[in-house]
């Protein structure tokens with residue numbers, strides 16, 4: 006039974022002694038604080054928040070602000086990966102995607118290749134490795150990693166198909182895959198950052214443009230890339 010009068014027995018007479026007896030318990034309750042977020046979780050939430058601002062900037066056409074914020078998001082994703090439990094590969098994906106969206110991604114790609122120097126063994130780790138390999142122009146490694154992304158999850162399968170097509174220089178195959186990715190994003194009610202933004206497709210279009218394979222899908226979720 007709780008000592009709290011709300012659900013406990015009716016309190017006795019309000020004597021000074023009774024008040025003194027209750028004070029330590031009241032002070033103890035008053036000093037209890039909610040458990041703090043783990044550092045890696047706090048860093049991840051920061052990364053997602055910064056990325057949301059970057060996406061909004063790119064959608065409104067403010068490319069310079071978007072680049073700076075995507076780079077800041079990439080840095081936070083990296084910090085969250087370094088603080089997180091093993092195999093938190095989604096943070097590597099977030100880091101290298103944000104690096105590409107910042108306009109380059111070379112440093113992030115090199116970091117991923119070092120982190121996964123022994124290869125990938127899950128769809129998220131293979132996703133990070135495949136993007137990094139594309140950034141570095143290592144098409145054989147990109148195709149091999151993309152094969153490791155293929156699961157029953159259609160989102161992974163579509164992205165794997167797009168990466169494989171880019172690595173092979175197959176413009177038609179890439180266009181079909183990236184249009185499917187955009188359609189999937191358009192059908193979603195919720196987005197990770199809270200912004201309706203097809204980040205996977207935008208990242209792939211950045212990589213495709215460098216290979217003269219950009220498909221330029223038209224969508225309100227796709228900014229016009231310069």
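Residue numbers (my numbering): 6 to 231. Just so you know, even glycine gets a beta-carbon here, dropped at the ideal spot from N, CA and C.
State the Cα-Cα distance for the pair residue i and residue j, rounded to the nearest angstrom.
{"i": "residue 128", "j": "residue 154", "result": "4 Å"}
{"i": "residue 107", "j": "residue 63", "result": "10 Å"}
{"i": "residue 146", "j": "residue 173", "result": "12 Å"}
{"i": "residue 215", "j": "residue 148", "result": "17 Å"}
{"i": "residue 61", "j": "residue 72", "result": "11 Å"}
{"i": "residue 65", "j": "residue 115", "result": "31 Å"}
{"i": "residue 37", "j": "residue 46", "result": "Because the pLDDT at residue 37 is just 45, under 50, the model does not fix this residue reliably, and the value given afterwards should be weighed accordingly. Cα to Cα, residue 37 sits roughly 21 Å from residue 46."}
{"i": "residue 124", "j": "residue 111", "result": "19 Å"}
{"i": "residue 180", "j": "residue 219", "result": "8 Å"}
{"i": "residue 233", "j": "residue 217", "result": "Outside the shown range of the chain (6 to 231) lies residue 233, about which nothing can therefore be said."}
{"i": "residue 56", "j": "residue 140", "result": "20 Å"}
{"i": "residue 176", "j": "residue 120", "result": "30 Å"}
For a cutoff of 8 Å on Cβ pairs, would you count residue i as touching chain C?
{"i": "residue 178", "result": "No chain C appears in this structure, which consists of one protein chain only."}
Let me confirm a value: residue i is counted as buried when at least 16 other C-beta atoms fall within 10 Å, else exposed. Which label applies?
{"i": "residue 221", "result": "exposed"}
{"i": "residue 104", "result": "buried"}
{"i": "residue 90", "result": "exposed"}
{"i": "residue 43", "result": "exposed"}
{"i": "residue 50", "result": "exposed"}
{"i": "residue 211", "result": "buried"}
{"i": "residue 223", "result": "exposed"}
Between the beta-carbon of residue i and the beta-carbon of residue j, is there less than 8 Å?
{"i": "residue 48", "j": "residue 93", "result": "no"}
{"i": "residue 135", "j": "residue 186", "result": "no"}
{"i": "residue 150", "j": "residue 131", "result": "yes"}
{"i": "residue 97", "j": "residue 133", "result": "yes"}
{"i": "residue 81", "j": "residue 59", "result": "no"}
{"i": "residue 113", "j": "residue 101", "result": "yes"}
{"i": "residue 163", "j": "residue 182", "result": "yes"}
{"i": "residue 228", "j": "residue 200", "result": "no"}
{"i": "residue 198", "j": "residue 53", "result": "yes"}
{"i": "residue 226", "j": "residue 194", "result": "no"}
{"i": "residue 166", "j": "residue 178", "result": "yes"}
### Message
Quick check on the DSSP output: what are the complete alpha helix (DSSP H) runs of length 4 or more inside the stretch 65-100, in order along the chain?
### Response
68-88
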